[in-house]
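Have a look at the structure below, then the notes.
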Amino acid sequence: MLGAFGAHGLKASLAKHPDGAARMKNWDTAAHYHLIHSVALLAIGFKQSSQSATPLNKYFEYAGWLWATGVTFFSGSIYLLVLDSEKRYTRPLIPITPLGGSLLISGWLCVYLAAS
Numbered sequence: 241m242l243g244a245f246g247a248h249g250l251k252a253s254l255a256k257h258p259d260g261a262a263r264m265k266n267w268d269t270a271a272h273y274h275l276i277h278s279v280a281l282l283a284i285g286f287k288q289s290s291q292s293a294t295p296l297n298k299y300f301e302y303a304g305w306l307w308a309t310g311v312t313f314f315s316g317s318i319y320l321l322v323l324d325s326e327k328r329y330t331r332p333l334i335p336i337t338p339l340g341g342s343l344l345i346s347g348w349l350c351v352y353l354a355a356s
């Protein structure tokens, strides 16, 4: 839904701003990573439901938490930064974006550890 909002609702609004193209690209990046990690979280959920008698590998569980937190920090902060053109309210969120990216990467590292 956020990708569709960006493509249809936000695009016209951002076209009026001089940095609108860059902000639209940022929105698309956030939506892309949001989508990828939402699908990955679903995969972990399906894996858990198929193994309901046995506990989920702890690394898969860590990956799920890292992805959920990471996508909230990474994509969520980008969404808010794009919407606040003058950065009046969102300037403190700028350091949150790379932290969220680090959490996403850490989640993939946990998947690697779970598979090995």
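Going by this note's numbering, the first residue of the sequence shown is number 241, and it counts up by one from there.
Beta carbons are placed, not taken as given, at the ideal position from N, Cα and C, and that holds for glycine.
Among the options, nearest to residue i - alpha-carbon criterion
i, options, result
"Pro338", "Ser356, Phe286, Ala270 and Ile284", "Ala270"
"Trp307", "Lys327, Arg263 and Ala280", "Ala280"
"Asp259", "Ser342, Leu353, Glu326 and Val351", "Glu326"
"Asn266", "Gly340, Tyr329, Leu320 and Ile284", "Leu320"
"Ile345", "Arg263, Ser317, Leu333 and Trp305", "Trp305"
"Thr312", "Tyr329, Ala261, Asp268 and Gly341", "Gly341"
"Phe314", "Lys287, Ala262 and Ile336", "Ile336"
"Ala283", "Ile334, Ala262, Tyr329 and Ala303", "Ala303"
"Ile276", "Ala261, Ser290 and Gly310", "Gly310"
"Met264", "Gln288, Ile318 and Gly347", "Ile318"
Proximal residues to residue i (C-beta, below 8 Å), its chain only, five neighbours per side dropped
i, result
"His248", "Unreliable placement is indicated for His248, whose pLDDT of 49 sits below 50; the coordinate value is still reported in the next sentence. The answer is none, since no qualifying residue turns up."
Tell me the start and end of each unbroken alpha helix (DSSP H) in the segment 258-306 that is at least 4 residues and wholly inside, in chain order.
With a minimum length of 4 residues, the continuous alpha helix (DSSP H) runs that stay inside the segment 258-306 are 260-290.
Inspect the CB distances between the segment 346-353 and the segment 298-306 and report whether three or more fall short of 8 Å.
Taking a cut-off of 8 Å for Cβ pairs, the segment 346-353 and the segment 298-306 touch, as three or more such pairs fall below it.
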